[in-house]
Amino acid sequence: MRRASMIAGGAVLGIAGVIALPRPSTPQQVAVAGNSAAAGSGTGSTASAAEETTPGTAASSASTRAASTKPAARTVTGSLATDQYGQLQVKLTIRNGRITRVGFSTFIANDGHSVQIDQTAAPVLIRETIAAQSAHIQGVSGATYTSDAYQQSLQAAIDKAGLNA
Amino acid sequence: MGTAVSISVDPGSGDAAAAIADACAVLHAADETFSTFKAGSALSRHRRGELREEELPADMLEVLELSARAARLTGGFFDPWAMPGGFDPTGLVKGWAAQRAARCLREGGVSAAMVNAGGDVACFGTAPWRIGVRDPGDPERLVCVADVREAIATSGGYERTCELLDPHDRLPAARLLQATVVGEDLALADAYATALVVRGERGLAMVDETPYEAVIVTRDGRMLATPGFPIAALQPGSRATAAG
């Protein structure tokens, strides 16, 4: 079965979506929808899109439309955290004392792919991707889990920003 | 903590980009209404008793009704009213919203799609989707692969985001490592999966009497399934091995 794949992120209950699920042997379009953090305003407005040409790799190029910027936004970067999957560093955007966006300033997966992402969902989807590649499947069902490295870096960024989480 | 949602579509003849945008809007709207993090969400206001019945949004009424139905169907082993912080339908809402997003894609003319909300999957299309069931002991391994036509949900005793309580005595109860349920409605599949983890192996008979099918991993690593579970492949290398 040949299925073109277009993947987008959305938010449910707080945070959300990334993208880059490889479909071996199928060229795919990858779209990333912006969204809000748990404590955010729900007005994520950045989107990037990438055309994937190499099967089995994450999005390799991306163009980004700039978010509409309001005054008084600042960004804070968390500690660089490492786990068995790679390295990541959380970046928060804060406006009026509220987190309006959670992203990554660094995200390097251990399989050597530098992944174009800026959403909190990355640790989950990276794992989905790893599992999907090995079993010729199209998705993974599993209970939600979050990465310790992600939480660690996120907490550091929150502490640095002087916010209460 | 929020959840990641990925949407995969076979565009067919429909305008996939527009349908995906609509599906994302559905998910964001669900987040606005049901966020437990946002003090101003309808759910937060409902939990604080600030909304009169006639002020509840239609989606909230629908989720309340669905919650009551799920509690009844699971014999009370899934009960959003018995959560530590008061009424919390978060588990259901994730599946409910993903299913709604999938319906939105279908109505947008997309011929096949899969919406994966943090491991709870709603899908449609002429052929089933091959969905791996995560190994509870290792997120990079699978215990089996299922052919899924409508919905598949998994609950695990390893979840850290919400501790599973037995609604009957409100004590922590994770009697299984993991339960996965396949069926028509994703929210109910998720309710059955959670109920199974809380109730344990004996819950399989309960699910077997419904149109839903389940596969579970017991705490001693055995894998058991209802006879109709659509297993496409076993993964012999996984830590949980099939029981004979």
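Chain order of the listed sequences is A and B. Residues in the first sequence are numbered from 1 upward in steps of one, following the numbering used here. Residues in the second sequence are numbered from 1 upward in steps of one, following the numbering used here. Glycine residues also receive a C-beta, built at the ideal position from the N, C-alpha and C atoms. None of these values were measured; they are calculated from a predicted model.
Any idea what DSSP makes of G109/B, helix, strand or coil?
Locating residue 109/B in the second sequence gives position 109, where the first residue counts as 1. Reduced to three states, the DSSP call for G109/B is coil.
Do we get a CB-CB distance below 8 Å when we pair G119/B with the residues of chain A?
Position 119 of the second sequence, counting from 1, holds the residue named residue 119/B. Chain A, which has a Cβ nearer than 8 Å to the Cβ of G119/B, makes this yes.
Span separating the alpha-carbon of G119/B from that of E55/B:
Position 119 of the second sequence, counting from 1, holds the residue named residue 119/B. Position 55 of the second sequence, counting from 1, holds the residue named residue 55/B. Each residue's CA atom was taken as its position, placing G119/B and E55/B some 33 Å apart.
With a cut-off of 8 Å on the beta carbons, I'd call F229/B and E209/B a contact; round off their distance for me.
In the second sequence, residue 229/B corresponds to position 229, counting from 1. In the second sequence, residue 209/B corresponds to position 209, counting from 1. Not really, about 14 Å apart at Cβ, beyond 8 Å.
Using the DSSP secondary-structure output, state which residues sit across from N116/B in a beta bridge.
As a first step, residue 116/B must be located in the second sequence, where it is residue number 116. The partner list for N116/B (beta bridge, DSSP) reads S6/B, V121/B.
Buried or exposed for A16/B, going by 16 or more other Cβ atoms inside 10 Å?
Here the question's residue 16/B lines up with position 16 in the second sequence. Result: buried.
Under 8 Å: do the segment 57–77 of chain B and the segment 188–207 of chain B share three or more Cβ pairs, one atom per stretch?
In short, these stretches touch, since the Cβ pair count reaches three.
With 8 Å set as the bound, which would you pick, yes or no: does the beta-carbon of G200/B sit closer than that to a beta-carbon of chain A?
As a position in the second sequence, residue 200/B is number 200, starting the count at 1. Taking Cβ atoms only, chain A never reaches closer than 8 Å to G200/B, which makes this a no.
Applying the 10 Å Cβ sphere with the 16-neighbour rule, what's the burial state of K94/B?
Position 94 of the second sequence, counted from the first residue, corresponds to residue 94/B. So K94/B counts as buried.
Rounded C-beta distance between A113/B and D10/B? I'm assuming under 8 Å.
The count along the second sequence starts at 1 and reaches residue 113/B at position 113. The count along the second sequence starts at 1 and reaches residue 10/B at position 10. Rounded, the Cβ-Cβ distance is 7 Å, consistent with contact.
D79/B to S6/B span [Cα, whole Å]
Taking the second sequence and counting its residues from 1, one reaches residue 79/B at position 79. Taking the second sequence and counting its residues from 1, one reaches residue 6/B at position 6. Roughly 27 Å separates the two Cα atoms.
Determine, using beta carbons only, whether S141/A comes closer than 8 Å to chain B.
Start at 1 with the first residue of the first sequence, and residue 141/A comes out as number 141. Interface residue, yes.
Does DSSP put L51/B in a helix, a strand or coil?
Counting from one through the second sequence, the residue named residue 51/B turns up at place 51. L51/B: coil per DSSP, three-state reduction.
Neighbour list for T226/B in chain A, Cβ cutoff strictly below 7 Å:
Residue numbering aside, residue 226/B sits at position 226 when the second sequence is read from its first letter. Within chain A, no residue comes near T226/B; the closest Cβ sits about 16 Å away, beyond 7 Å.
DSSP three-state assignment for K38/B, whether helix, strand or coil
On the second sequence, position 38 is the one that residue 38/B refers to. For K38/B, the secondary structure class from DSSP, reduced to helix, strand or coil, is coil.
C-alpha distance - D88/B paired with V63/B, whole-angstrom precision:
The count along the second sequence starts at 1 and reaches residue 88/B at position 88. The count along the second sequence starts at 1 and reaches residue 63/B at position 63. If I take the Cα positions, the gap works out to 11 Å.
Secondary structure of E213/B, DSSP reduced to three states:
Indexing the second sequence from 1 puts residue 213/B at position 213. It is a strand residue.
Candidates G108/B, D31/B, V145/B: which alpha carbon is nearest L92/B's?
The residue given as residue 92/B occupies position 92 in the second sequence. The residue with the shortest Cα to Cα distance from L92/B is D31/B.
If the cut-off is 8 Å on Cβ atoms, which residues from the segment 167–190 of chain B count as contacting chain A, listed in chain order?
Q178, T180
Kindly list, in the order they appear in chain B, the residues whose Cβ is closer than 7 Å to that of Q89/A.
By one-based count along the first sequence, residue 89/A stands at place 89. Ordered by position in chain B, no residue passes the 7 Å Cβ test against Q89/A, which lies about 18 Å from the chain.
May I ask you to check if the CB of A81/A is nearer than 7 Å to at least one heavy atom of the ligand MG?
Annotation note on the ligand MG: not contained in the displayed structure, which lists no ligands.
P84/B versus A58/B, D166/B, V115/B, residue with shortest Cα-Cα distance
Mapped onto the second sequence, residue 84/B falls at position 84. The shortest C-alpha separation from P84/B is found at D166/B.
Which of the three DSSP states, helix, strand or coil, is assigned to T154/B?
As a first step, residue 154/B must be located in the second sequence, where it is residue number 154. Note: T154/B maps to strand in three-state DSSP.
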